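Below is one structure, written out as structure tokens, with a few remarks after it.
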Amino acid sequence: MQTYLKLMRSGNCLMAAIAALVGVFIAYNIVSANISLNPYQVTLSTFPILDSLKVFLVVFLITGAGNAINDYFDIDIDRINKPDRPIPSGKISLRTALYFSLALFAAGSIIAASINMICGAIAVVNSLLLIYYASTLKRTALLGNIAVGYLTGSTFLFGGAVFFEYGGIKDVFVLFVLATMATIAREIVKDIEDIEGDREDGAQTLPIIIGPKKAAYIASLIGLVAVLASPLPYIQSLMTVRYLILVAIADTLFAVAVYEILGKNDPARSSKMFKMAMAFALISFIAGA
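Quick note on the working numbering: the sequence shown kicks off at 11 and runs consecutively.
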């Protein structure tokens with residue numbers, strides 16, 4: 011079981027699933043206010059507990075499926091960059107990893123459709139995009155980074171889709187945009203970190219095509235835009251002042267990540283700082299909601 015959880019990258023799955031729950035929670039509060047209900051007086055029974063659990067499970071499963079299928083297609087790269095991963099280490103066979111991934115995609119999509127058709131549609135589209143990304147898009151300049159950014163940000167859209175008939179997706183759209191931009195920046199930095207293995211595999215990532223320094227500038231610019239846009243949820247009255255305080259810490263970590271890649275030319279350290287910043291941003295969303 012532990013090996014399969016490692017294949018799924020369960021930590022990343024958990025973060026994505028929590029992000030989707032945050033999307034549900036934020037959309038619920040806003041929708042409740044919009045239909046003239048006081049969110050602080052609504053009883054717990056009015057909150058879609060079962061659908062929220064389904065959202066958590068769907069995002070966890072489909073994110074894990076995407077990570078597994080990614081390792082399936084990345085076997086040659088991982089033999090160089092990550093030889094201790096389950097497939098290159100021989101702990102899980104290629105065929106088993108493929109079937110396991112497809113089973114997770116199917117289970118997640120079926121559960122999503124049981125919430126409503128919009129959730130089901132998002133789950134199916136994201137599943138197909140994850141497969142296409144792993145097989146093709148990952149090895150293309152920038153498009154692969156954008157795909158991952160959308161997929162990460164869409165966890166908020168998925169949470170909001172629970173309240174689609176009340177405009178839930180619109181309510182969490184700014185969170186989707188912020189998460190998408192931050193993820194794109196980190197993915198470009200990760201490509202800089204993996205440039206040698208990607209070059210050996212014949213991939214055409216952004217750092218390979220334009221050079222790691224120019225790619226670092228693009229990643230930094232996208233990260234800067236995300237930082238500048240971070241107060242928007244508070245300005246739009248989607249978040250409380252707690253969000254503004256905590257997101258300032260996330261913004262500081264983003265700044266450190268930029269410094270690590272531009273000032274110290276350390277993509278590995280920068281990637282870790284980007285990940286920490288995104289985790290803190292998620293905390294700020296939770297606290298602010």
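Heads up, the beta-carbon is just placed ideally off N, CA and C, and yes, glycines get one too. Every value quoted in this text rests on a predicted model; they were computed, and no experiment measured them.
field: Secondary structure of Leu-152, DSSP reduced to three states
entry: coil
task: Can you check the segment 201–278 for any beta strand (DSSP E) of at least 3 residues that lies completely inside it and give the ranges in chain order?
output: none
task: Would you kindly work out how many angstroms separate the C-alpha atoms of Gly-154 and Met-11, rounded to a whole number?
output: 30 Å
field: Proximity below 8 Å, CB of Ser-111 to CB of Tyr-143
entry: no
- prompt: Which of helix, strand or coil does DSSP assign to Val-172?
  reply: coil
task: Would you tell me roughly how many angstroms separate the C-alpha atoms of Ser-55 and Gly-130, rounded to the nearest one?
output: Here Ser-55 scores only 49 on pLDDT, less than 50, and its place in the model is too uncertain to base an answer on.
message: Quick check: the segment 87–106 against the segment 207–216, are at least 3 beta-carbon pairs closer than 8 Å?
response: yes
query: Val-199: which of Ser-62, Val-182 and Ala-267 sits nearest, CA to CA?
result: Ala-267
Nearest residue (CA-CA) to Gly-298, options Ile-259, Leu-248 and Pro-98: Leu-248
- request: Report the rounded CA-to-CA distance for Asn-126 versus Met-288, giving the unit in angstroms.
  value: 29 Å
Asn-89 (DSSP reduced to helix, strand or coil): This sequence places Arg at residue 89; Asn is not what is there. Of the three classes helix, strand and coil, the one that applies to Arg-89 here is helix, per DSSP.
- prompt: When you compare only the Cα positions, how much space is there between Phe-168 and Leu-60?
  reply: 15 Å
- request: Take Phe-264 as the anchor and find which of Lys-274, Tyr-253, Tyr-244 and Leu-234 has the nearest alpha-carbon.
  value: Leu-234
- prompt: Do you know offhand how far Ala-173's Cα is from Thr-193's?
  reply: A small correction: the amino acid at residue 173 is Phe; Ala does not occupy that position in the sequence shown. About 25 Å.
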